[in-house]
Structures are given as structure tokens and as C-alpha cells.
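Numbering (our numbering), first residue to last: 745 to 855.
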């Protein structure tokens, strides 16, 4: 029940990257046996749109010459729809909030 409450809080706060990491760790902890858990990232989901295509879409939105609030809203909706998974490589990420290490959410599993 505590993991569910933490997950609901993370979802309501918009911390999708941390929520996904919490769910992945919870599934890996409860579903796989210790002998089969040696393979890392059993629940590794790849984003549906490549990052270079997202950048192209953002550039198209920014070059549309719409009012600034409309531009901001469209770019944020695009990012919200695409950037809900944690970043794979922490060295290449521009947004540090997208980099989620398992240690960041492990306390939610075993408080």
C-alpha cells in the first residue's frame, strides 16, 4: 500500500521518470527469482520517438511564430508525451531531473 501511495504521489507531481523507475524496481524485486535477476533492466522500455525527431518537432513548433504562451504550452505537451521514461545515459542528458538512479527511489520500496 505504501508503494502505491508513493506511486500516486510521483504521478500527481509529474515525476514520471521516478515513477517508472519505482515500478521497474518493484517488478524486478517481486517477479523474478534471484537466479534469473542477474540480467539488468528486464523491464527496459525504449521511447517510441527518437530524440532527434523530438528536437525536429520542437524546432517546427518554435518556428511557427505563434504567441509565446502557445509555443510554451505546445513544447511542454510534446515533452510531456515523449519524456516520461528515465534517461539511459546520465552524461548526455540536458535535464538532470530525467536522470533517475535506482538508489533515488529504493527507499520507497523498503522504507
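Heads up, the beta-carbon is just placed ideally off N, CA and C, and yes, glycines get one too.
Could you please give the first and the last residue of the uninterrupted alpha helix (DSSP H) stretch that includes residue i?
i: residue 852; result: 846–853
i: residue 775; result: 760–775
i: residue 802; result: 795–806
i: residue 820; result: 812–826
i: residue 829; result: Per DSSP, residue 829 belongs to no alpha helix (DSSP H) and is neither H nor E.
When the Cα atoms are used, what is the spatial distance from residue i to residue j?
i: residue 848; j: residue 758; result: 16 Å
i: residue 815; j: residue 809; result: 8 Å
i: residue 798; j: residue 769; result: 28 Å
i: residue 792; j: residue 826; result: 8 Å
i: residue 804; j: residue 745; result: 44 Å
I'd like the list of long-range same chain contacts for residue i, defined as Cβ closer than 8 Å, with 5 residues on each side in sequence excluded.
i: residue 773; result: 853
Less than 6 Å between C-beta atoms, sequence neighbours within five positions excluded: which residues of the same chain meet that for residue i?
i: residue 761; result: 830, 842 and 844
Practice task
Please confirm if the stretch 827–846 is in contact with the stretch 761–769, defined as three or more CB-CB distances below 8 Å between the two stretches.
Solution key: Short answer: they touch.
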